Amino acid sequence: MIENEEKENLQVQAKEESQIQSDDTKVISYGEYEEYMCLKKQANNVKPKETTRDLSINERITKELAEVEERER
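Going letter by letter, the sequence shown gives residues 1 to 73 in full-length UniProt numbering.
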């Protein structure tokens, strides 16, 4: 009797887990996939504006001057 209850509990748990896993995925059309891949490529090509390390005062001034000169062109 106890074994049957444990078996039923395991089956219920397995069913719940399979429902959770199926909710994690979504079927999309080929067009949506293509759009996603284009956006993903664009996101990878974006250059970060700031460097990861802190810039010194001279580096910040040089960078600002370069940006101003580029805007004036």
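All C-beta atoms, glycine included, are put in the ideal place defined by N, C-alpha and C.
Small disclaimer: the values here were computed from a predicted structure and weren't measured.
Enumerate in chain order the residues of its own chain whose CB-to-CB distance from residue i is below 8 Å, with the five nearest sequence positions on each side excluded.
i   : result
Y36 : I28
L55 : K63
What does a CB cutoff of less than 6 Å around residue i pick up in its chain, not counting 5 residues either side in sequence?
i   : result
L65 : none
Short of 7 Å in beta carbon distance, which residues of its chain neighbour residue i, apart from the five on each side in sequence? Order them along the chain.
i   : result
V68 : none
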